[in-house]
Amino acid sequence: MKKLLLTGFLICIAYAHASAQTIHQLNNRFDNTVFDKLHKKGSDGKYPSSYKTIATSLKGYVTKLSDDKDTLFIKLWNITSPEHKGSDAIINQDDNGATFAYKIKWQQGTYLDIPFSAKAFVATSIPFRYRLKKNSDLEADFLNVGVSYFNLAGKTRFYKHEQIDTRQRYVGWGPFVAFGQQKIDSTNTDGRVKSEKQVAVLSYGINGVASINNFSLILALGFDNAIGSNAKYWEENNFRGGIKPWIGFGFGLKLVDLEIKDTNDGK
């Protein structure tokens, strides 16, 4: 069992590096408890000493962190606040798409957390699974390849020290679909298939992901249906004599690679 888990861990690391993708965070959340003074970029490309405030909280994204790591440049969007329209003091719908500069007030003197949300299709693999039946063993399938649609929520952490890179931590959930292979023979087909055969398997279900500093864990509740000749005889086919779920998990480095969107608007 230990050898099986170690092999799976190494394969997950290799798979994760091959399948990691970038998500552009268009849904950072900025609230007035942290972002109290925002300087709007003028038509001359400069940022005045005057500032505007956020009434409650707004969505947007970070476009740039200054080279000296003391200023964030952000864009705000989807602003709907007709009661503040035309205000020179409070950010309102006239400021949609505008770039603002924020002089960072470091939390605990070393970092700044900004919440975010995102939706993404992500390549995933669930190499280990346990079927919810009596006397079931832990199964390993390192060849299955699938895709998940995740709803993600987390925080981006910016660090004051230059030697520490920006990091993200997040959780998410969503449906998945995957394809794999399954060996069938007389032992798992009620004797219907006499000689060993390989059939394709469609897996589907729902899974969740948690990630801290690029190390990700996936947990899944799934179901299988075999495809092809004699596939209907496989005992683990979902709806063959009832619902047949399994619990699966996978882990790896940078399974979902979140990256700060950098459009260099702050230059």
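Per the numbering used here, the sequence shown starts with residue 61, numbered consecutively.
We put the CB at the ideal spot given by N, CA and C, even for glycine.
> Excluding sequence positions up to five away, which residues of its chain have a Cβ less than 8 Å from the Cβ of Ile-287?
Replying inline: Within its own chain, the residues whose Cβ lies closer than 8 Å to the Cβ of Ile-287, once the five positions on either side in sequence are excluded, are Val-259, Ala-260, Val-261, Leu-262, listed in chain order.
> What are the start and end residues of the beta strand (DSSP E) that includes Gln-153?
Replying inline: Counting along the chain, Gln-153 sits inside no beta strand (DSSP E), nor does DSSP assign it H or E at all.
> Would you report the Cα separation of Phe-176 and Gln-228, rounded to the nearest angstrom?
Replying inline: Taking the straight line joining both Cα atoms gives about 10 Å.
>> Which residue marks the beginning of the beta strand (DSSP E) containing Pro-175, and which one marks its end?
In response: Annotation for Pro-175: the continuous beta strand (DSSP E) segment containing it runs 171-184.
> Hey, quick one: how far does the beta strand (DSSP E) through Thr-131 stretch, first residue to last?
Replying inline: According to the DSSP assignment, Thr-131 belongs to the beta strand (DSSP E) that extends over 131-137.
> Expressed to the nearest angstrom, what Euclidean distance is found between the alpha-carbon atoms of Asn-92 and Thr-113?
Replying inline: Spanning the two alpha carbons is a distance of roughly 7 Å.
> Exposed or buried, which one is Asp-225 when buried takes at least 16 other CB atoms within 10 Å?
Replying inline: Exposed: under 16 other Cβ atoms inside 10 Å.
>> For Ser-185, tell me which candidate among Trp-166, Ile-272, Val-205, Arg-191 has the shortest Cα-Cα distance.
In response: Checking every option, the nearest Cα to that of Ser-185 belongs to Val-205.
> Thr-247 by DSSP, collapsed to three states: which one?
Replying inline: If DSSP states are grouped into helix, strand and coil, Thr-247 belongs with the helices.
>> In this structure, how does DSSP classify Pro-305 when only helix, strand and coil are distinguished?
In response: Correct three-state label for Pro-305: coil.
>> Using a Cβ-Cβ cutoff of less than 8 Å, which residues in the same chain neighbour Asn-297 once the five nearest sequence positions on both sides are dropped?
In response: Exclusion of the five residues before and after Asn-297 leaves Asp-284, Asn-285, Ala-286, Ala-291, Lys-304 as the residues of its chain whose Cβ lies within less than 8 Å of its Cβ.
>> In the DSSP output, what is Phe-90 paired with across the bridge?
In response: In DSSP, Phe-90 forms a bridge with Leu-118.
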